[in-house]
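Chains as they are written, first to last, in the UniProt record's numbering: chain Z, 1 to 503; chain X, 1 to 503. The structure appears right after this line, and notes come after that.
Number of protein chains: 2
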Amino acid sequence: MRLKTSLSVLALLAISGVPASAETPDRAAIAETVANQRDTTIKALRDWIALPTIAAEKMNTPAGAEYMRQLALDAGFQKAEIIPTDGVPGVFATLDAGAKTTLGIYFMYDVKQFDPSEWNSPPLEGAIVEREGEGKALVGRGAVNQKGPEMAFLAALKAIQASGRKLPVNLVLVAEGEEEVASTNFPQVVAAPQVREALSKTIGVFIPAAAQSKDGSANITLGAKGAIEFQLVVGGETSDRYPKTDIHSSNHARIESPAWRLVKALDTLAADDGHTPAIDGWFENVKPLTQRQKDLIAEGAKRNPEEDAKKLLGVGRWIDDEPYVTSLERLVSQPTVNIQGLIAGYTGPGGKTVLPGRAEAKLEFRLVPAMTKDEAVSKLKAHLAKRGFDDVQVTVSGGYGPNETDEDSTLIRAQKTLFERTGIPYSITPRNAGSWPGVIFNGAPLNLPASQFGLGRGGGAHAPNEWFLIESSDPKVYGLDQATMAYVDYLYVVAEEAKKGKK
Amino acid sequence: MRLKTSLSVLALLAISGVPASAETPDRAAIAETVANQRDTTIKALRDWIALPTIAAEKMNTPAGAEYMRQLALDAGFQKAEIIPTDGVPGVFATLDAGAKTTLGIYFMYDVKQFDPSEWNSPPLEGAIVEREGEGKALVGRGAVNQKGPEMAFLAALKAIQASGRKLPVNLVLVAEGEEEVASTNFPQVVAAPQVREALSKTIGVFIPAAAQSKDGSANITLGAKGAIEFQLVVGGETSDRYPKTDIHSSNHARIESPAWRLVKALDTLAADDGHTPAIDGWFENVKPLTQRQKDLIAEGAKRNPEEDAKKLLGVGRWIDDEPYVTSLERLVSQPTVNIQGLIAGYTGPGGKTVLPGRAEAKLEFRLVPAMTKDEAVSKLKAHLAKRGFDDVQVTVSGGYGPNETDEDSTLIRAQKTLFERTGIPYSITPRNAGSWPGVIFNGAPLNLPASQFGLGRGGGAHAPNEWFLIESSDPKVYGLDQATMAYVDYLYVVAEEAKKGKK
């Protein structure tokens, strides 16, 4: 199947029309404040990076929440409180500017694990280094994911207020310290009555991000797949049919193998093609792509050459040798059942004559609208139970459903308006194949628009030498000050777009 | 299926009839020599243990062969030569005693890997320690598997000669240094013209072993399953359908997964019951158990209570909840396809959002007569090819077919005669579920009887604190001197039985 490319898509528009300053009162004064406070902002970002919260390692979990609360108060939120959960606490803060419109903000204050030996500069130091062809970048764990963009957003709030103005919108901030471990307990934060009440009054929620490409273009994302991680375990711990430890392999002649049992259970979860999920009822609630989504995908394909994508991913072919645009439609539209890892018995070089006492598969679902986490987990369990796999233990370690936000929501309209006014070329991605917990706002009962927004640039999330651009050598790409001003402008555009009605 | 127990089986006979000394001339003098040379024998065993040959680590491979050659010369072999192979060299030695009968001896001079931190005394020292309820034991890597029993056999040769007698049989010794890595190159040693020629004149080949139980009973084994180890690998290295490294798991929506592909290939190798091999034609050459074999199994079951076996193996049930005797018949008769290990993608705690770039299963066949290694490997490859798994790489890392020796061969008759004369209770195991490369002698073109023989006792093969009994605290169990004398007696009984005709 090849798709015709629609000529009507909005992607890659680069209208350099009315400058944003026309909409942002006292813009020059605010910009001057931003420049004046730059050193303070960089120091604040470095201090934050020096206190990494890593939920998987229980590192700085209460400390990180308290730090987050103080950052909110310092940025002008009048109220900020810790919301305890069964895991790492969240933070809830409000800034009442007496405005008509209230905007929700989502922060993550945790970061991914890191190994200092893999870094060129200490990961908690925030060294400023020259980055070939980009400019000056701050290097540290969390630099782009997500402390850099979040600090730029806080700097925007401070600059508006420091220049003697009230914010054009009221703010509700919710922050979590478990984003990197699939936001397991974050729904508890949002379910707290005062938090839910406050969020329900917002026009939507966004997370600050540094999403500018090397050519200066930006991207609007209208949603993301959900992700659920789970493990299947079979062995002596789940049934007395299997040995409790690895034993001599000759015994397989009379003793069942947890490894074969796992293979048999796994085999039922995917069709023989090795990729189509075969869990009973899996596709029941899957919404097909709309024509608009297909058009956006086809347009996006033009900006990202097929050979580059294949090279980056290290493959020669897509599933079923499909053409590129079809592979991109799959990426956006297909709910997957992926094996993240397999481990059983002997895993060293060559062989070893053992019958494993335990076999584990690590899997993950990626969900699309209108699937839900509960639905996927229930279907998996029913599927295995129906086939008698009661000795296969299912452990869901985390996850959430998909999210999807209307192109015509205030949150998205404001992004388009801002990009068009400031001449930022942009594209629209109908749905990220990767995941973020937007569903916590996007799903019931809040049903809010949820998005990522931000200019500026960075990279190396989850990798060594993570970076965030401070001073850009290319005027089309934003450094820290310009990224901060983009948040200033965005708040004014949101206020303006909100007057037009639709959430 | 339950089996009736035959009353005619020979197992557990404990006829303390004519003492072996009636058959061994000058037995008292030889026994005195054995006692006198005890300290020398222990020192020789320690020196040998101090020079471990480990093929997997390429440790002492030429040195171990040369040491083995010297041991043979020291024990009275007139000729001893190194036989080079593509891997670790073998040793071939002959001792011409001018006798009518020639006996083949198989030695392994290599040992299993060891981790000194897991041992209570240094694994290369050969410390003598008191073993609760057993006596004084020598502790070291190779103590029982197989240097202790082999040294006792060499001591027997020396004692006969030191007492001024010629051996009652001529000897052909073949030794290898790759037993612990599945005897990959040993067939090359046996195929050397001078070795084949010499072996073809023997009445059979045995490997010295310390196989006495704690109650003093012995066991005669009439064969062993074969074992073949192999690995299945799928990934970027086998097809450009798969990524070359682990990549972000969202890509599984458009990129094939080596882990699913491996699951699909594995699934075809076993029936849905999780244990019956499903490789095309797998059972074609499998010989069913004879009534005699079934009788021996049923008799053996009586000596090894079911609950003890289950406890030792850490299981509550046998395959298909079968009764004990049936499970033992399975152990002896079923050719298995076992998964030794699985490894793919992320294997740490919890999950990680990756699509693996590689998936590997480590497997092993156990073969029964009349299957062969070549047959099993060919059938596996044809099975996978027929189903289009040309992207699944098969690597056979080693192995050999099953062996089986007639109860009426001289080699086995001599064991029965010896046990009966000396009043050693014994049982007969129709086939070991574990494996040893007896097929190298047992199969074409030599077609020789092949067996293990030896009294004395030890344990901990392949484990820390491996031991070999030197001085037994129980008169029914043999220490080093008595085990040595058992080899002396065995050589005379072999000569005597050989006169009766049948090989």
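Ideal Cβ positions, reconstructed from N, Cα and C, are used throughout, including at glycine. Fair warning: this is a prediction, and the values are worked out from it, not measured in the lab.
H248/X has V354/X as its beta-bridge partners, per DSSP. Interface annotation, L331/X: in contact with chain Z, CB-CB separation under 7 Å. Where Y492/X is concerned, the enclosing alpha helix (DSSP H) starts and stops at 480-498. The straight-line gap separating the alpha-carbon atoms of E407/X and I440/X is approximately 19 Å.
Linking I49/Z to A370/Z through their CA atoms gives a straight-line distance of about 37 Å.
Spanning the alpha carbons of I220/Z and H248/Z requires a straight line of approximately 57 Å. Comparing C-alpha distances from W467/X to each of N120/X, T395/X, T102/X, P437/X shows the shortest one belongs to N120/X. Contacts with chain X (Cβ-Cβ distance below 9 Å) from the stretch 217-242 of chain Z involve K225, A227, E229, F230, Q231, G236, S239, D240, R241, Y242, listed in chain order. By the Cβ test, the stretch 94-110 of chain Z is in contact with the stretch 163-174 of chain Z, since at least three Cβ pairs between them sit closer than 8 Å.
About 3 Å separates the CB atoms of R358/Z and G235/Z; that is less than 8 Å, so the two are in contact. None of the residues of the stretch 125-144 of chain Z has a beta carbon lying less than 8 Å from any beta carbon of chain X. P475/X: not part of any alpha helix (DSSP H); DSSP gives it neither H nor E. For the 7 Å CB-CB criterion, V111/X and P52/X form a contact. Spatial neighbours of D267/Z in its own chain (CB-CB distance under 6 Å, excluding positions within 5 residues in sequence) are not present. Along the stretch 427-444 of chain X, the positions whose C-beta sits under 7 Å from a C-beta of chain Z are A433, G434, read in chain order. Judged by DSSP secondary structure, K264/X falls within the alpha helix (DSSP H) whose first and last residues are 258-267. Listed in chain order, the alpha helix (DSSP H) elements of length 4 or more contained wholly in the stretch 362-435 of chain X are 373-386, 410-422. When the Cα atoms are used, L222/X and S409/X turn out to be separated by approximately 10 Å. Note that the stretch 348-365 of chain X touches the stretch 227-246 of chain X; at least 3 beta-carbon pairs, one per stretch, sit closer than 8 Å.
Residue ranges of uninterrupted alpha helix (DSSP H) with 4 or more members, entirely inside the stretch 292-355 of chain Z and ordered along the chain, are 306-313, 324-333.
Minimum Cα-Cα distance from V477/Z among the listed residues E329/Z, G98/Z, F419/Z corresponds to F419/Z.
A straight-line Cα-Cα distance of about 7 Å links I297/Z and P430/Z. The stretch 87-103 of chain Z makes contact with the stretch 179-189 of chain Z, as at least three CB pairs between them are under 8 Å.
According to DSSP, R131/Z shares a beta bridge with G135/Z. L73/X sits in a helix when the DSSP states are folded into three classes.
Collapsing the DSSP output to three states places W119/X in coil.
No Cβ-Cβ contact shorter than 7 Å links A97/Z with L342/X. Cβ atoms of G458/Z and E471/Z stay farther apart than 8 Å, at about 13 Å.
Secondary structure at S200/Z: helix, using DSSP grouped into helix, strand and coil. Interface annotation, A253/Z: in contact with chain X, CB-CB separation under 7 Å.
DSSP, read as helix, strand or coil, puts N170/Z in strand. For T276/Z, no CB of chain X lies under 7 Å from its own CB, so it is not counted at the interface with that chain.
A residue is called buried when at least 16 other Cβ atoms come within 10 angstroms of its Cβ; F283/X does not meet this threshold and is exposed. Distances from the alpha-carbon of A55/X to those of E179/X, L262/X, A35/X, E32/X put E179/X closest. The Cβ-Cβ distance between G316/Z and D240/X falls below 7 Å.
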